[in-house]
Amino acid sequence: MKPKLKMRLGDLLVHESVITDEQLQQALSAQRETGRKLGQALQDLGFVTEKGLLTFLAQQLNIPLLDISRKKIDPEVVKLVPEVQARRLKALPLEERDNSILIAMSDPADLSVVDTLSNILPKPIDLAIVPESQLYHAFDTYYRRTEEIASFAQALASEYEDDEDFDLADTGGEEEEDTTVAKLLQSIFEDAVQMSASDIHIEPDEGKLRIRQRVDGVLQESVINEKNIASALVLRLKLMSGLDISEKRLPQDGRTNIRIKGRSIDVRVSTMPVQNGESVVMRLLDQSAGLLTLEQTGMPERLLKRFRQLLHRPHGMILVTGPTGSGKTTTLYGALSELNLPAKKIITVEDPVEYRLPRINQVQVNSKIGLDFKSVLRTTLRQDPDIIMVGEMRDHETVEIGLRGALTGHLVLSTLHTNDSISSAIRLLDMGAPGYLAASSLRAIIAQRLVRRICKNCRTECRPEEDELFWIDNIEAGARRFKYHKGAGCQTCNQTGYRGRIGVFELLEMTEDMMNALKDADTGLFGRTAKRAPGYVPLAKSALQYAKVGLTSIEEVLKLVEMVAEVSQAAKPKAQPQNPQASKQAVTKQASAPAPNHKPDLHQPRKPDWGDRDKS
């Protein structure tokens, strides 16, 4: 089908009084200067909106205007037009019908593109018009590098099909950039960056090679059957990151930098010997994207205000805590960016240095040569710093030096791997820090996690299950009355229902009562006092606030507090006997019952004490 306009687009818009003749002349002049199409020039000048222009074109050409952001498209249909041509023509196959193929275009009035598509496709075409931004996002979603990776893997396997035990010596050193293994790795990196993956895992398995990407905290897997290419991939990565290519028996860590579509990506490489070869995990850090500000982390305004006040105090220790991958480093770098002023001397001690910051003296720890946290930290205190950032409090000596540095007039920022803010202060005592020193130096603790955001494009209202409502009410009384949401799945979020992540935070500021409890090493009193601290909101409640406003789902909240297994088996709480005497008899009978064959009642939910300690 070749749709035709009765006259040129500009004249038609003037004829239908969508724009004036003067506006058309301005747009034509801008078009000659920029080389862009007339429709885009009109939008740039603000004479028409994209939606208005597309609606007008759809009416004139008598073709449908589609929103494909929520449409599930068959990947096999998409393959009817190769990616290079699809991007050049700005056209995407949507559906194969009995006698035709439905094609989405941003400019269906371009007859040369329609002719090209007619020659490519095996059936006549029906056209639909879609916004250009949706087309570009669909290209990134459906034209992944899966086939390209498989093709390069097969080519590489054929090169070494007679040598399954690929010998490192056979490479002859550095390989040329146009070799098959280099192209394969480039495709793997491009696919990961396209999917906004934070990590790439290359794992040799029995008879196959697994490549997994962590997207929004969740691993997505693809399998390559050519296992014999694993050694070539690992070798190439070792050469790129400056590792010892002859060492296969010990873990190694390295770093390299790659450029993907004009973006500078730092790659942290970690190798580890496993049963079927060497496993490689690569952390991708997009240096061109810049650091997230504290606002961009998702920190609530009230908490952000208090955190900034704490950061601008002249001395004391502030800890950021949470498990690996909870965004601690991002929060600390956001804080350092705000503190990075000419009047402040800032030194960081890290392992590894993730982002390079101007004006800040960053030290990379190297334990192999004795350059560990404690030795660097001692030297750091003699470098006249105002602010010190320690990557992690790992041992007793590092903790004590850091606390003494905070006590002697420095602002010390650091991290701990603990579950929440209350247990973090107690951990310092467990690591051997004197109670008086912790009480005098510690100013505040932030615990944090990352939860997935519901995709804005496919967010729909939902009602939680009854067992989920039970746990919601235990987190916050009466919380079941709010409306909750989930993601239905669309092309924007790759059918997951989630796109991006947001931080959940818990701030504990030290009060005089808490300091006294720490000084006496009374952990029980410290915990009870902390729960009553003004402004203290546990992680579970903070996450629930996001669910109540539709930022995340109840599933993510319950996953954060590690209750998924319990929720899946939980039912409504059973009715309790009203007679106190009967209750007492029941308890006595239960206590006297034989224990060997006793099994816990998994269907009876245990009410968590959210004020006591968040279980995440």
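Numbering (the UniProt record's numbering), first residue to last: 1 to 616.
Here a beta-carbon is modelled for each residue, glycine too, at the ideal position from N, C-alpha and C.
Taking the CA atoms as reference points, C490 sits about 12 Å from Y142. Looking only at L42, A128 and K37, the smallest Cα-Cα distance to I19 is reached by L42. At least 8 Å separates the beta-carbon of S106 from that of N457. Excluding five sequence positions before and after R528, none of the CB atoms of its chain fall closer than 6 Å to its own CB. A Cβ-Cβ contact shorter than 8 Å links T415 with T321. Excluding its 5 nearest sequence neighbours in each direction, I475 has C-beta neighbours in its own chain below 7 Å: A540, K541, L544 and W610, listed in chain order. By the Cβ-count criterion, Q296 is exposed, with fewer than 16 other Cβ atoms from all chains shown falling within 10 Å of its own Cβ.
Of all alpha-carbon atoms in G405, R404, H417 and R382, the one lying nearest the alpha-carbon of M393 is that of H417.
The straight-line gap separating the alpha-carbon atoms of Q134 and S231 is approximately 40 Å.
Here S158 is exposed, its C-beta having fewer than 16 other C-beta atoms within 10 Å.
Straight-line spacing of the CA atoms in L442 and V269 works out to 35 Å.
Distance from L450 to R501 at the Cβ level is roughly 4 Å; contact confirmed, criterion being Cβ atoms closer than 8 Å. Residue pairing by DSSP places Q252 opposite T271 in a beta bridge.
Distance from the Cα of A27 is smallest, within the candidate group N516, A335, D44 and E509, for D44. Looking at the DSSP output, I129 bridges to L65 and M105. Within the model, the alpha-carbon separation for L413 versus G325 is close to 18 Å. Inter-residue distance for V281 and I472 is about 37 Å (C-alpha atoms, whole angstroms). For N99, the CB contacts under 8 Å within the same chain, skipping 5 residues up- and downstream, are K123 and P124 in chain order.
Under the three-state reduction of DSSP output, F482 falls in the coil class, being neither helix nor strand. Residue pairing of M389 in beta bridges, as defined by DSSP: T348 and L413. With contacts defined by Cβ atoms closer than 8 Å, C455 and T492 form a contacting pair.
Between E350 and Q364, the C-beta spacing is below 8 Å. Here D522 carries a coil assignment [DSSP, helix/strand/coil]. Take D513, set aside five residues on each side of it, and the residues of its chain with a beta-carbon closer than 7 Å to its own are T529, in chain order. With contacts defined as CB atoms closer than 8 Å, V77 and E95 qualify as a contacting pair. No residue range can be given for L371, since it is assigned to no beta strand (DSSP E) and is classified by DSSP as neither H nor E. Remark: three or more beta-carbon pairs, one from each stretch, lie closer than 8 Å, so the stretch 298-317 and the stretch 331-342 are flagged as touching. Within the stretch 488-513, the beta strand (DSSP E) runs of at least 3 residues that lie entirely inside it are, in chain order, 498-509. H201 sits in a strand when the DSSP states are folded into three classes. Contact check between the stretch 189-201 and the stretch 250-267: three or more CB pairs, one atom from each, fall below 8 Å, which counts as touching. Taken through DSSP and simplified to helix, strand or coil, I360 comes out as coil. For P352 and E33, the gap between their C-alpha atoms comes out near 48 Å. The residues L65, in chain order, have a CB closer than 8 Å to that of T55 in the same chain once the five nearest residues on each side in sequence are set aside. Around the beta carbon of I369, fewer than 16 other beta carbons lie within 10 angstroms, which makes this residue exposed. The alpha-carbon of A86 is positioned some 16 Å away from that of A109. A direct Cα-Cα distance of roughly 51 Å separates L156 from L9.
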